[in-house]
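Those sequence lines, one after another, are chains A and B. Residues in the first sequence are numbered consecutively from 3, following this note's numbering. Residues in the second sequence are numbered consecutively from 569, following this note's numbering. Some notes on the structure that comes next.
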Amino acid sequence: MRALSDRAGLLLCWALGLLFCAIAAAIVIFMLVQGIRYVRPALLVTHPTAGFGEQDSGGFLDPLIGTVLVACIGIAIALPLGIATAVWLSEFGRPFGLARAAESAIEMVAGTPAIVLALFGTLVFSTPALGFLSRSSGGVVFGRSFFAAGAMLSLVALPLVVGSTREGLQAIPAHVREASYAVGKTKAATIRRILLPAARPNVVTGTMLGIGRIIGDTAIVVVLLGATLTLNGAGGVPGLSTLRGTGGTLTSYVYRNSPTGEGNQPQKAYAAAFVLLAIVLALNVAVDVVKRRARRHAWST
Amino acid sequence: MSADALPYEEASPRWPDRRVERLLGALVGALLALVATLLVVVLARAWPSFAHNGLGWFGAGGNVDHELQAIFLSGDVGGTPVYTLHAWPLLWSTFLITGGAVVLAFVSSLFVAVFAVEFAPPWMRALLDPTIRLLASVPSVIYGLLGVLVLVPFLGNHVISEQQKASVAYIVSLSGYGLIAAVLVLTVMIAPLMVAIFSDGLRTVPSGWLEGSLALGVNRWRTFWKIAVRTARPAFVAGTVLATARALGEAVMLAMVAGSVGFSPNPADGLVFLFEPSRPLAATILSNSDGLSAPPMRATLFALAAVLLVSAALLSLAGYAAKQPLKRYGIQA
């Protein structure tokens, strides 16, 4: 009787494990088929237009640029802030109360829904003091721009960067630090010249996971970037006007063109989703490569 | 020992440790202040909505969609602001979808994690690991798209019978958008998170403990369930908390799949209950975000956000509390 229930349990394990693999394979193969059917190179370099048919709605150049911009801004904020936080938590961490509070805060940020961050962002970036970061007319600050969306998206990536960097720093044995102090290096120099280079694979991993999370986010893009079809600059300065203006990303493009969105052009949605999935999977593979290379140089304690 | 004898360091470094520590500490302090501001601001902005409705905010009554519409329209210049909202259908929908997905995901993740750590043959392990990571990294909007274009039409055309559609036709239309579609897609989204954390927990169980049990003649399956799974309980708590927080906050996929109707599915309807559409909190915020410029609507949306934020905070607190009794036995998270 007992042996029977053990067998049944093991069978369930196999079934569920295979089910997971089947779901993943189904998603990848299905998206691949749709991608081959609908992705045309021309789509990647054509501006989108508001059309009613699959023929006259253009490509998704603007959302693609939007995704790249958002990822750059987000990670440009999250990376230094995340490394600094991780270094402080792992190497200084005093007073103890502040360290505990900082850990809870990071955990809190990780658990906060993106849509709540987005709402918070609308308040922060529509204050007059930050009006230079978005469009404003007659004293009313619009509060939606690449700056605003990027800044809030950096909070989405932050816990990943902090967690990964911290893990890397803590994996470095104490004798490495002691050796550095013994030759007269200051703590600051040790961190910069010894510890951070040693933890680089972890920093890179955290960064890529963070980018993956940023470009996969839709809620913040819809609320804080406007999720428009094209990039709408604000102001006269060429590059800066784009960053101050509204736009969209691949995720918001997919959201808009799904049957539940305003655009409702499933073929375009599939094509954009395929490109998005390809980017995310490429990031995944890159993480794998970095991790494998790092394992070869692992510390021996 | 004199500093000038050292080859690498200046006598008086430009970045003395003191300054670096203070700088980094200040940065961390600023981050803390930001999080505190987030909490305070969201709660403060939400206050008008709660204050006008009292406990009725959490109750049922009227049609939520009509109420939201009235709140939005009252934001016009010169109008009197309306705040009346009975958010029960949204709360109930959040509870049902999150609860259903977490329960399903927990059971399947438990078995898959046990399988991946202990019982799977090496080739299966090599297959499972990238699978889990792939499923965890697919953006939610792609899950939503697949749900809308594949799962929902399948449910609507082949699973829900005409009879079932007719039985509730005077209240809601069943088209496939509904509870079961939302729960299934959400399960696939959060299960990989759980599996990853569960497996990490199971791997840290000292092998000596398992070997002791095996040496007493207990078979491998029972040993693993009685020793490893019990020891890894803190990891199960941590994984479940994280996955539940993700499920609570999922807006985009649920806005696409769950049906986008402010309706509370009724378990008394029997099997049809599973197909009834609804709209959870996060999806409601997303689909009404155009109304942020109208002050009463803004307060209402922040009230919905505050409920999400407080639930997420309570959740992580509950997870912390659940881990405490386990610490007595020397079990690490």
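Note that the Cβ used here is the ideal one computed from N, Cα and C, for glycine as well. Treat the numbers as computed from the prediction; the structure is a model and nothing was measured.
Contacting residues, own chain, Cβ-Cβ under 6 Å from residue i (five flanking each side not counted)
i              : result
T251 (chain A) : P65, G68, T69, V72, V223
V205 (chain A) : T167
S781 (chain B) : T791, I795
F54 (chain A)  : none
Residue i versus residue j: straight-line alpha-carbon distance, rounded
i              : j              : result
F618 (chain B) : R258 (chain A) : 32 Å
L20 (chain A)  : G712 (chain B) : 23 Å
S260 (chain A) : I765 (chain B) : 33 Å
S243 (chain A) : A78 (chain A)  : 19 Å
L754 (chain B) : A669 (chain B) : 6 Å
A573 (chain B) : V185 (chain A) : Reliability fails at A573 (chain B), whose pLDDT of 46 lies under 50, so the model's placement of it is uncertain and no value is given.
R847 (chain B) : L822 (chain B) : 7 Å
G133 (chain A) : V142 (chain A) : 8 Å
V41 (chain A)  : A734 (chain B) : 40 Å
A176 (chain A) : F98 (chain A)  : 20 Å
P199 (chain A) : I75 (chain A)  : 23 Å
D644 (chain B) : A803 (chain B) : 51 Å
L869 (chain B) : L607 (chain B) : 15 Å
A513 (chain B) : N856 (chain B) : Not covered by the structure: residue 513 (chain B). The range shown for chain B is 569 to 901.
A296 (chain A) : T253 (chain A) : 32 Å
G140 (chain A) : A131 (chain A) : 14 Å
V632 (chain B) : L6 (chain A)   : 51 Å
Sequence-distant residues of the same chain with beta carbon closer than 8 Å to residue i, five excluded per side
i              : result
A120 (chain A) : M154, A221, I222, V224, V225, L226
I748 (chain B) : L723, L842, F843
A1 (chain A)   : The requested residue 1 (chain A) is not part of the displayed model; chain A covers only 3 to 303.
S570 (chain B) : Residue placement at S570 (chain B) cannot be trusted, given a pLDDT of 45 that sits under 50; what the coordinates show is reported in the next sentence. Excluding positions up to five away in sequence, the list is empty.
A867 (chain B) : R613, A614, W615, P616, S617, Y651
Chain B within 8 Å of residue i, Cβ atoms only
i              : result
G214 (chain A) : yes
G241 (chain A) : no
C23 (chain A)  : yes
V248 (chain A) : Looking at the sequence shown, residue 248 (chain A) is not Val but Thr. Not an interface residue.
M154 (chain A) : no
D58 (chain A)  : no
A86 (chain A)  : yes
T124 (chain A) : yes
N204 (chain A) : no
R270 (chain A) : It is Lys, not Arg, that sits at residue 270 (chain A) in the sequence shown. K270 (chain A) does not count as touching chain B.
L278 (chain A) : yes
L171 (chain A) : no
S260 (chain A) : yes
Any non-hydrogen atom of the ligand SAH within 7 Å of residue i CB
i              : result
T244 (chain A) : Annotation note on the ligand SAH: not contained in the displayed structure, which lists no ligands.
Identity of the residues DSSP links to residue i by a beta bridge
i              : result
V709 (chain B) : BP columns for V709 (chain B) are empty, so no partner.
T248 (chain A) : A:N234
V143 (chain A) : A:S138
G827 (chain B) : B:S846
G60 (chain A)  : A:P50
G228 (chain A) : A:G249
Test: residue i CB closer than 8 Å to a CB of chain A
i              : result
L769 (chain B) : With the sequence shown as reference, residue 769 (chain B) is identified as Gly, and Leu is not the correct amino acid for it. Taking Cβ atoms only, chain A never reaches closer than 8 Å to G769 (chain B), which makes this a no.
I728 (chain B) : no
R790 (chain B) : yes
D572 (chain B) : Low per-residue confidence applies at D572 (chain B): pLDDT is 46, beneath 50, and the placement is therefore not dependable, though the value from the model is reported in the following sentence. No, its Cβ sits nowhere closer than 8 Å to a Cβ of chain A.
D641 (chain B) : The residue you asked about is not Asp; residue 641 (chain B) is Leu in the sequence shown. False, the Cβ-Cβ gap to chain A never drops below 8 Å.
I665 (chain B) : no
E844 (chain B) : no
L784 (chain B) : no
D585 (chain B) : yes
I765 (chain B) : no
F679 (chain B) : yes
T772 (chain B) : no
Beta-carbon separation (whole angstroms), residue i vs residue j, contact threshold 8 Å
i              : j              : result
T248 (chain A) : S147 (chain A) : 6 Å
K270 (chain A) : E56 (chain A)  : 6 Å
L758 (chain B) : R814 (chain B) : According to the sequence displayed, residue 758 (chain B) carries Ile and not Leu. With 8 Å as the limit, I758 (chain B) and R814 (chain B) qualify as a contact, their Cβ atoms being about 6 Å apart.
G817 (chain B) : P43 (chain A)  : The Cβ separation is near 36 Å, so there is no contact.
L919 (chain B) : L659 (chain B) : Nothing can be reported for residue 919 (chain B), as the shown portion of chain B is limited to 569 through 901.
N218 (chain A) : V282 (chain A) : According to the sequence provided, residue 218 (chain A) is Gly. The question's Asn does not apply to it. That pair is a contact at about 6 Å.
S708 (chain B) : L18 (chain A)  : 22 Å between Cβ atoms; not a contact.
A275 (chain A) : M33 (chain A)  : 7 Å
Spatial neighbours of residue i in its chain, beta-carbon cut-off 7 Å, leaving aside the 5 residues before and after
i              : result
L45 (chain A)  : G61, F62, A273
M824 (chain B) : G712, G715, V716
A150 (chain A) : G123, F127, L135, S136, L226
L162 (chain A) : G208, L211, G212, R215
A673 (chain B) : T755, I758, A759, M762, A811
G627 (chain B) : H654, W656
Any chain E beta carbon closer than 8 Å to residue i
i              : result
P689 (chain B) : Reference to chain E is not applicable here, since the protein chains of this structure are A and B.
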